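Visitor: The structure under discussion is supplied below as structure tokens; questions concerning it will follow.
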Amino acid sequence: MYIRPSAAIRNDYNKVSELCRLSGEPVYLTKNGSGDLVVMDIESFVRRESVLKLREALLRSEEERASGRPGYTAEETACMMREAIREMADAKRRKV
């Protein structure tokens, strides 16, 4: 975990930006010694959001399965997986 004072973003933006990109982790900014903001590079943010969306979908699917809802065929599952992979590749291309 990286913690920097909020002045670091104002006084040395490039160093904070580089830390975000190189580490792939969020940088926590403090104000008067208390947590204030979190910054991270776009690529890491997009990846994190994608993982969260996938986890949410998996949880929803598991809840539906547990309640008795019919599942998907292997073909339907493969199609959805291909679409998810395509979306991730598109997101990477848009970033470049």
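All the letters of the sequence shown, read from the start, carry residue numbers 17 to 112 under the numbering used here.
Glycine included, each C-beta is placed from N, C-alpha and C at the ideal position.
The structure presented is a predicted model; accordingly, all values stated were derived computationally and were not measured.
Hey, which unbroken runs of the beta strand (DSSP E) at 3 residues or more fall wholly within the region 38-99?
Guide: 43-47, 50-55, all fully within the region 38-99.
Visitor: Using a Cβ distance threshold of 8 Å, determine whether the region 99-109 contacts the region 62-74, with at least three qualifying pairs required.
Guide: A contact exists between the region 99-109 and the region 62-74.
Visitor: Between the C-alpha atoms of Met96 and Tyr44, what's the straight-line distance to the nearest angstrom?
Guide: Approximately 36 Å, taken between the alpha carbons.
Visitor: Measuring CA to CA, which of Val32, Met17, Tyr18 is closest to Ala24?
Guide: When only C-alpha atoms are compared, the closest one is Val32.
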